[in-house]
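Engineer: This is the structure I want to talk about, given as structure tokens.
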Amino acid sequence: MKLTTRQFIHSEHPVTCRNCQNHFTGKICNKCGEKVFDEKQLSSGHFFHQIIDFFTHFESKVLKTIWLNIKKPGFITQQNLQGIRVKYANPIQLYLVVSVLFYFTVTKIGVTDYTPGYGDQKYHLLSDYATFKWAAPLDSAVIRGIDKMHLKYFEETRQHLLERFETVKDSATGLYRIRNFSNNDAAFVNKEQLYAIAGNEAQKLFLKSFDASVSTLSKTFIFVMLPFMAGLLFVFFFRSLKYYGAALVLATHFMVFNLCFFIMHCLVNWLPYRLWGEDFGSILFRPINPLFRGATGPYFEFLFGNSFAFFHFLFWMPWLFIAFKRIANKPWWFNLLASYICSRVFFFLLFGVLKKLLIAFTVWTMH
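FYI, in our numbering the residues of the sequence shown are 1315 to 1681.
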């Protein structure tokens, strides 16, 4: 930009910062970062210019960063670790924007892969892995703990419903006269039937309340995976990353990629079903499912668990492998091994640990 004489004189004129009282020259305080105040900034024109400028620059920077994070795995992380940050959205800003898109997509489409239903605590156990068979008592303890909280809620709700039934015992027949919740018709039932009706209503209320709460929590709890994933990355590449904060940056960029992948996966499944009534998701798994049957089945089950996990590895492992290659000076076989282990651990954290944590926290908050 060509500076006029007036602009040049103004930029070199000594200024006292109104925020920290620092004396400086230029348009930005070199101590606190406060900009030089001009009364023209109070005009409506300047106000609307700031709004337009924010959204145009914000949108272009975020979209550019998201695209580069998908197209060139590890590039944004590498730039960030080298101190080149102004051109790109920072990790937290990027994660928040993509999270909002993720929340909107899964809510609009109604996808529940990351939203557990009650009973999912019995799946994706640590003891399912051959090397962790010894963890079966731990898995059982977690399941018992969740079921115990559920049973407490169920019994409290059933007792509350029994008190609301306004039952009247017929002295001649020994039956109880109650009003059904689904209609206003009165019914005569025995004591066992009375408890069964109250139990059914209690279970319905539990599932309704659980589904409403866990749906909200599942969209916000996913960020708790970041510290654990960062810790795993730091173990593999502590010499290259040097600081745990650098591992958090890489974990955040990987999580952003994962959320983008899941959004695209949702849309790929949803659009054909919406337009033609065809379940495209099952078509995507058709080439994968035969690998888990026949002679290759035991090997693929040992390496990946199931076709659902393998489908995620097909996207996660290449991103991690390229990112590791770009960031760390390690042999290809080490990067491949690290990408496999990180993918497998991340899958367990996401579908094994996070879902159980969501179920336990949701049931606990319902009391």
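From the three backbone atoms N, C-alpha and C, an ideal C-beta is built for every residue, glycine too. What you are looking at is a predicted structure, and each value in this text was computed from that prediction instead of being measured.
Is the CB-CB distance between LEU1546 and LEU1562 below 8 Å?
Structural biologist: no
Engineer: Look up THR1330 in the DSSP assignment and give the residues it is bridged to.
Structural biologist: Note: THR1330 sits in a beta bridge opposite HIS1337.
Engineer: Please list, in chain order, all residues of the same chain as ASN1336 whose beta carbon is under 8 Å from its beta carbon, the five residues on each side excluded.
Structural biologist: So the qualifying residues of the chain are THR1330, CYS1343, ASN1344, LYS1345, CYS1346.
Engineer: Identify whether PHE1342 lies in helix, strand or coil by the three-state DSSP scheme.
Structural biologist: For clarity, residue 1342 is Ile in the given sequence; the question names Phe instead. In the three-state reduction of the DSSP assignment, ILE1342 falls in the strand class.
Engineer: Quick check on ASN1498: does DSSP put it in helix, strand or coil?
Structural biologist: With a pLDDT of 46 at ASN1498, under the threshold of 50, the modelled position of this residue cannot be trusted; read the value that follows with caution. For ASN1498, the three-state secondary structure derived from DSSP is coil.
Engineer: Give the DSSP-derived three-state secondary structure of VAL1667 in the structure shown.
Structural biologist: helix
Engineer: Would you mind sorting THR1379 into buried or exposed? The rule is 16 or more other CB atoms within 10 Å of its CB.
Structural biologist: By the neighbour-count criterion, in which 16 or more other beta carbons inside 10 Å mark a residue as buried, THR1379 falls on the buried side.
Engineer: Span of the alpha helix (DSSP H) holding LEU1650?
Structural biologist: 1646-1662
Engineer: Alpha helix (DSSP H) containing VAL1549: first to last residue?
Structural biologist: Run containing VAL1549: 1539-1555, per the alpha helix (DSSP H) assignment.
Engineer: Going by C-alpha distance, which of ALA1565, SER1454, ILE1511, LYS1447 is nearest GLN1473?
Structural biologist: ILE1511
Engineer: Sorted by chain position, which residues of the same chain lie with C-beta nearer than 7 Å to TYR1558's C-beta, five sequence neighbours on each side aside?
Structural biologist: ALA1544, PHE1548
Engineer: With H, G and I counted as helix, E and B as strand and the rest as coil, what does DSSP make of LYS1401?
Structural biologist: Correct three-state label for LYS1401: coil.
Engineer: Please go through the same chain and pick out, in chain order, the residues whose beta-carbon is closer than 6 Å to the beta-carbon of LEU1663, but skip the five residues on each side of it.
Structural biologist: Only residues of its own chain outside the window of five on either side were considered, and among them MET1539, PHE1542 have a CB closer than 6 Å to the CB of LEU1663, listed in chain order.
Engineer: What residue does the alpha helix (DSSP H) around ALA1623 start on, and which one ends it?
Structural biologist: 1621-1641
Engineer: Can you tell me whether SER1454 is buried or exposed? The criterion is at least 16 other CB atoms within 10 Å of its CB, across all chains shown.
Structural biologist: exposed
Engineer: In the DSSP assignment, what are the bridge partners of LYS1349?
Structural biologist: ILE1342
Engineer: For a quick check, are the C-beta atoms of VAL1420 and CYS1574 less than 8 Å apart?
Structural biologist: no
Engineer: Are the segment 1403-1414 and the segment 1514-1522 touching by the rule of at least three beta carbon pairs closer than 8 Å?
Structural biologist: no
Engineer: Can you look up ILE1602 in the DSSP assignment and give me helix, strand or coil?
Structural biologist: coil
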